[in-house]
Every structure is written in structure tokens, then in C-alpha cells.
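In the working numbering, the protein residues as written are 42 to 599.
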RNA sequence: UGUCUGAUGGUGUAAUGGUAGCACUUGUGAUUUUGGUUCAUACAGUCCAGGUUCGAAUCCUGGUCGGACAACCA
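Now the structure itself:
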């Protein structure tokens, strides 16, 4: 941890240099989501970066909603974004909306027109597009390009006043039609959209484009470092052109780009995530298989684990694909220290302890968390009839199998040594019950004669256990790179049909009062959390992640 | 076949002209009342070719390969 903090990423180096050279006297960042979708783990990287920078350099961070397109945006998203950022553990210094600046942005647009740096264009979007040229061939000038500032100003004011229909006119910057950077070929600043805005209502019918609005919003908020993803690198000259052309006094914000997060076995684009939701491939944005912040939260991830993840993946400019295993590592790492251990059986097999008295019940001590002495201990009830994991019994065990099989002795965790004496099968030959004898002297899990057993397995008392629904989640995609597909194939062909299995299991009574969001380690199985669907009558658990399983690995390797 | 940008173990990320390090993954071993945790240990890397230099991952030249960009989206 100490080393990681000493190690500076390239953005921190820029920041320190800027501070040292006196370009800025402080650090002020912003996280600028568009309220048209839910935040995902990629946004979380950006959030940790922006807020982390402010934390590290004693600066500030704004939450700014980039709401310049009323067609796709909604307050529903504003609320979820706020909740997610807060949940991740960050508090913004100011909450702003690009729409707060529509007045100022409009005034500056007039300034640009007056300076002869912008004009009202009456070309349709198709015409603009075909006249834009290609990277090698320059654009052909709009016939309206040389129109006088006075005429443009008049038209622009009338655009604002709602005199023209959608799409009939735009305000364009007058830059460089031959620029190899397509963004400099007279980009659009304003378009006409007669749509109610989620905050400004019907006050405006012209809306600024991202390139124009973003940098000026940064300037208004006195942002020093405007951090964004790599695809905006090409936009930087434009970002700077606007600031310079309006002749805004220094200091101006500095845009710095970093490589967005890609995760193996995951799709991250908003469009694709929306499609998964719309087509019911998942159960909503907060489906525990989704890489959304709300999905991860429901899956049982902690804010700490996500911050740790953001910390470990680092920040750089090169394209990257992070192994989703790292995210799994982070949640295990965090939950290993925090989650209380419990016994739960998700694929039950009945066990009868034949030499255990019919109505006897033992109360046994169980440690809540060996990693945390403060967590204390609890009592476990033991009875004649139990459930164990079906995988923990094999009639014909392979070499190296430490668990229960005919004639072998294992430890029931915190309880007794038991030896399998008999197997009961149904007509189909399926094992329905296993009979064991127990050694009363081994109470608690140790034999006074010092004899050892290789295996320790978990169990629940049939009489005391609570039934629960267990949702076993696996990766949503079978392919490491779901978007890479053969001709004629679709990324959705890579969806894992077994990404969710719902089973009926049994858990110890200790969990009767568990609340939505509570997290536990089911010993030897994994980390589980109580799902929001859980009720007093019916417990529902989500499997967040399995434990590392070196036996399973050995088996698959053969 | 334009512009911008990048290239370090399997995956990420450091080293800013001076011993290529860290994490995850993987292998092996120890400990263990979770085949978990923890601990130890091992494998494995500078895209290529030239040049500058006592010395190059780092600087220069030329290649190669990857990514982004031609929405009235952000």
C-alpha cells in the first residue's frame, strides 16, 4: 500500500508539474456523467481517479451532470448516479449541471459569432455529413460560411426564440475545413431540439454540443484537470480552441486522457448493457451479473473492494484488458477479513448418524471469523440427521479425495469425527442418504487420542436448518472477449447460458435474522450476500464469488 | 493508403540514461478444525532493426503491430 501511494501515475506527474510550475495553485477535478444510463465499473475507475486526485492533493471534486442532450437524459439516472458515487465512498464538493450554464454558454456563443468565429448554417445533417470530406479530402465549405456576424447573430437569436424547426439550422464554429482532424472541420456548437429538458423544461430549444459545453463548463467551475478517456484525445484541440477563441483569461482547464477500463468476460458499453436489459438477458440494471455499480453492489461487492481494484489496475494510456479474476481477488481479499463464517449447504445430501441418540441435541462452539478475533463465536446445533454437500461424499473416491466415502472418517466442522458405514440408494441407483457413526469423544472436532483426519466438511442439522434460495452466479459471458466474434456471429452468442442457477439450500439458524445486503462466507463454498428479494419468510442469497478451490482445479486438470 | 496515440513476464503496472521491480495469475512446499487464509519459493518480460553513449526499457532514425477519430451522442 505504501509503495502504491508513492508510485505516481502519469496524471499525478502532470498535476505535480502543473502545481510546481505555478500553472495552478490547487487541484480541482470533476466527474462528469451524462444522466442517460447507469454507472458501471469503468465509471468507478474514473470516479476513483478524479476523487482520488483531489484527496491526494488536497483539492476538490465536483459532480457535474453533462446534460446537454434532453432526448436521452432523465432524472431517474441522476438519482442512481448520485447514489452510486456516494456508495463508492466519495463526497463531491459541488453538484452542478451543464444545464446550469446554458445562459453563459449562449452568451459566449454570441461572442464567437461576433468575433467571426462561428456562423449559423442551414445545411441538413446529411448535407453536412457528405460535405465533411474524408481525412484526406478537405471539406467543402458551407454556403453559409461567409455570412456576416450580424446576420448569424440575428439568426442565432431567432433559433433561440424558437422560430425554426428541429434540424433546420445549426451554429457552427469556423475553424479549418482542411484539418486532418475531422473535429476541426467547422464542428456544430448548437442544434435545435424542441424537447423538454429534465431540468430546464421548455426554457431552451437550442442545446449546446458536448465539445462546446464541456470545456466551457470546466472553465466556469474553475476545473484545473479535466480527466477523460482516450477517445477524447482527438477532441483536445477543439477543447482548447473554444477556450482560446472566447479569449477566456487564464488559467484554463487542462484536458488529460487515460485508457478506459476493459474487463475480460465482460461487455462495458452503455449501448450493449442497455440491450442486455431491454432484451431481458438479465433482470435489470442491477442484475448481479451486470458490471454496473448497482449490479456489483447487489452481487455483494463492497465499495472497498472496488476501490482496491481501481487502485491495483493503475492508470495509463495504453489499451488494456484487465483479468476479471483481479476483481474477484479484490472482493475475496476484502471479505476474507470482514465476513463472518457460517455453515450452509447448497446441494444437500442427507446424513444419518446411526449411533447418535434420537432426541439429543448438542450445542457446539463455532468461531465467527478466524481472521477477526473481535467477531466472537456462536453456537451450532447438532442432531442425528444432517445435510452435507453432495460433492463431499463419493462412493468411489478418486486418489487424493479427502472427504467422506465408505469406511473413511472425516471431521464435521466444529462437531465430531464421523465414519461412513452405509449408503442408501433409490430405485434409480441415486444416493439418497448416507449413514455414519460418530465418535462421541471427538466433540468439538478433536479426538483425545490424537488421531488425525484428512478432511473437514461442513454440515447443517436437518432439524434446525433454515431453507433458503441460493442464486449461484457465474460469468455472464463464456468468452474472454465477448465482442470478438466470427463472421455472422453476434456478441450475444457468447452469453453463458449457465450464468445463473437457482437452488434450494439449507443454512444454519444463525442466519434467520440476516438483512438484505449482509455478507457471509459459507465455509468452503464462497462469499454470499442476502439479496433484496429476501423476506422474513424466505431467505435469498446471492453467491458473490466462490472461494479459491485448489481441489476443483486438480480435478479439472486431471 | 490521413491525423492522433500507444507498445515492459500470461494480465496489469513501475523503473524519468546507471542492478528491469511490484501485484494478479500459474507451479512447488510449509502451516491449517475451511482443499480457504497465511507464509516461503519458483517460472516468466523491455515489439523489431540500426544509431548515440562507458552505459539505453528510457534518447535519435527507420520499420512492425495495436487502439481512437469522419453523430445535429457524450
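C-beta: ideal position from N, C-alpha, C; glycine also.
Residue i Cβ short of 7 Å to the ligand GDP heavy atom set
| i | result |
| --- | --- |
| residue 411 | Among the components of this structure there are no ligands whatsoever, and the ligand GDP is therefore not found. |
Residue i to residue j span [Cα, whole Å]
| i | j | result |
| --- | --- | --- |
| residue 337 | residue 585 | 9 Å |
| residue 521 | residue 112 | 34 Å |
| residue 259 | residue 319 | 34 Å |
| residue 114 | residue 485 | 60 Å |
| residue 538 | residue 218 | 50 Å |
| residue 465 | residue 446 | 13 Å |
| residue 49 | residue 55 | 10 Å |
| residue 42 | residue 354 | Because the pLDDT of residue 42 is 32, which lies under 50, any placement of that residue in the model is unreliable, and the number read from its coordinates should be weighed accordingly. About 13 Å. |
| residue 323 | residue 314 | 9 Å |
| residue 474 | residue 426 | 10 Å |
| residue 518 | residue 368 | 16 Å |
| residue 201 | residue 285 | 24 Å |
| residue 61 | residue 295 | 15 Å |
| residue 563 | residue 390 | 17 Å |
| residue 392 | residue 330 | 34 Å |
| residue 515 | residue 583 | 11 Å |
| residue 52 | residue 358 | 10 Å |
| residue 44 | residue 95 | Confidence at residue 44 is low in this model, with a pLDDT of 38, below 50, so the placement of that residue should be treated as unreliable; the coordinate-derived value is given next. Rounded to whole angstroms, residue 44 to residue 95 spans 19 Å at the Cα level. |
| residue 150 | residue 290 | 16 Å |
| residue 162 | residue 559 | 58 Å |
| residue 245 | residue 138 | 15 Å |
| residue 443 | residue 304 | 36 Å |
| residue 306 | residue 91 | 26 Å |
| residue 223 | residue 99 | 38 Å |
| residue 118 | residue 547 | 38 Å |
| residue 495 | residue 379 | 28 Å |
| residue 116 | residue 76 | 7 Å |
| residue 140 | residue 249 | 9 Å |
Terminal residues of the beta strand (DSSP E) in which residue i lies
| i | result |
| --- | --- |
| residue 187 | Unbroken run through residue 187: none, as it is neither H nor E. |
| residue 69 | 69 to 72 |
| residue 113 | Careful: residue 113 lies outside any beta strand (DSSP E) and carries neither H nor E. |
| residue 82 | First-last for residue 82: 82 to 97, but that is the alpha helix (DSSP H), not the beta strand (DSSP E). |
| residue 479 | 472 to 480 |
| residue 249 | 247 to 249 |
| residue 213 | 211 to 214 |
| residue 463 | 458 to 466 |
| residue 103 | 101 to 106 |
| residue 451 | 450 to 453 |
Short Cβ contact (8 Å threshold) for residue i with residue j
| i | j | result |
| --- | --- | --- |
| residue 428 | residue 544 | no |
| residue 292 | residue 65 | yes |
| residue 394 | residue 461 | no |
| residue 227 | residue 183 | yes |
| residue 333 | residue 79 | yes |
| residue 561 | residue 383 | yes |
| residue 205 | residue 198 | no |
| residue 81 | residue 309 | yes |
| residue 388 | residue 431 | yes |
| residue 433 | residue 457 | no |
CB-CB length for residue i against residue j, believed under 8 Å
| i | j | result |
| --- | --- | --- |
| residue 210 | residue 233 | 6 Å |
| residue 68 | residue 265 | 6 Å |
| residue 409 | residue 381 | 4 Å |
| residue 413 | residue 255 | Residue 413 to residue 255, Cβ: 46 Å. No contact. |
| residue 160 | residue 185 | 6 Å |
| residue 207 | residue 235 | 6 Å |
| residue 423 | residue 451 | Wrong, their Cβ atoms sit about 15 Å apart, outside the cutoff. |
| residue 85 | residue 247 | About 34 Å; that fails the 8 Å criterion. |
| residue 341 | residue 570 | 3 Å |
| residue 121 | residue 335 | 7 Å |
| residue 89 | residue 300 | About 14 Å separates the two Cβ atoms, so there is no contact after all. |
| residue 73 | residue 105 | 5 Å |
Terminal residues of the alpha helix (DSSP H) in which residue i lies
| i | result |
| --- | --- |
| residue 55 | 51 to 61 |
| residue 234 | Taken as a continuous stretch (DSSP letters only), residue 234 belongs to no alpha helix (DSSP H), as it is neither H nor E. |
| residue 344 | 344 to 354 |
| residue 205 | From DSSP, residue 205 is part of no alpha helix (DSSP H); its letter is neither H nor E. |
| residue 338 | 334 to 340 |
| residue 580 | No alpha helix (DSSP H) holds residue 580; the beta strand (DSSP E) holding it covers 580 to 587. |
| residue 594 | 591 to 598 |
Runs of beta strand (DSSP E) wholly within the segment 256 to 331 (minimum 3 residues, chain order): Here the runs fully enclosed are 266 to 270, 295 to 299.
Beta strand (DSSP E) runs contained entirely in the segment 124 to 180, provided each spans 3 or more residues: 135 to 138, 159 to 162
Contiguous beta strand (DSSP E) assignments of at least 3 residues, all confined to the segment 488 to 566: Runs of the beta strand (DSSP E) inside the segment 488 to 566: 500 to 502, 507 to 514, 541 to 548, 560 to 563.
Complete runs of the beta strand (DSSP E) confined to the segment 345 to 426 [at least 3 residues]: 381 to 383, 389 to 394, 403 to 408, 418 to 423
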